[in-house]
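Peer 1: Questions regarding the structure given below will be posed in turn.
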Amino acid sequence: MNGNRDMQRQENFEEFYIHPDEPVFTSGVVCRLLEIPVWVLKQLDAENIVKPHRQEGCSRLYSKRELKKLERIWHYMNVKQVKIKGVKVILEMEMKIERLEGKG
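Under our numbering, the first residue of the sequence shown is numbered 198, with each subsequent residue one higher.
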C-alpha cells in the first residue's frame, strides 16, 4: 500500500466524530475507502470474520472499528498474501494474546 494513501485514509476516518461501534458505512463505501473488492468483503462476512450490522433490505453496515479491522485483514491478504483461512487463524491468535495480556 502507498504510505500517502494510508495517511489520507486515516485523515478521512478522523475528520468528524462517529462512535467506533456505530454501524454507518455501507459495503460500497467500505470497498471504496479501503480499496477492497466486493467479493472479498462478502467472503469475510460469509466466514464470520467480520459481522456487519444488517439493515432492513439486507444492506450491511460497518463501524469504524470494523473498518480498521478490515484494513488490517486486507493488508494480510493483499500485501502478505495470506488466504482467508489464514487470516481467521491470525485473528483468533491475536484475540487469545489480548485475553492473556488482559486487554480483552
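Beta carbons: idealized from backbone N, C-alpha and C, even for Gly. All figures in this text were calculated on a predicted structure; none of them were measured in a lab.
1. Under the assumption that L264 contacts L231 (Cβ atoms under 8 Å), give the Cβ distance between them as a whole number of angstroms.
2. With DSSP run on the structure shown, which of helix, strand or coil describes Y214?
3. When you compare only the Cα positions, how much space is there between V221 and E253?
4. Taking the C-alpha atoms as reference points, what is the distance between C228 and R296?
5. Could you give the distance in angstroms between the alpha-carbon of I281 and the alpha-carbon of R262?
Peer 2: Taking the definition as stated:
1. As a first step, residue 264 must be located in the sequence shown, where it is residue number 67. As a first step, residue 231 must be located in the sequence shown, where it is residue number 34. Distance from L264 to L231 at the Cβ level is roughly 7 Å; contact confirmed, criterion being Cβ atoms closer than 8 Å.
2. Position 17 of the sequence shown, counting from 1, holds the residue named residue 214. Coil.
3. By one-based count along the sequence shown, residue 221 stands at place 24. By one-based count along the sequence shown, residue 253 stands at place 56. Straight-line Cα distance between these residues: approximately 14 Å.
4. As a position in the sequence shown, residue 228 is number 31, starting the count at 1. As a position in the sequence shown, residue 296 is number 99, starting the count at 1. Near 30 Å, if we compare the C-alpha coordinates of R296 and C228.
5. The residue you call residue 281 lines up with position 84 of the sequence shown. The residue you call residue 262 lines up with position 65 of the sequence shown. A straight line joining the alpha-carbon of I281 with that of R262 spans about 19 Å.
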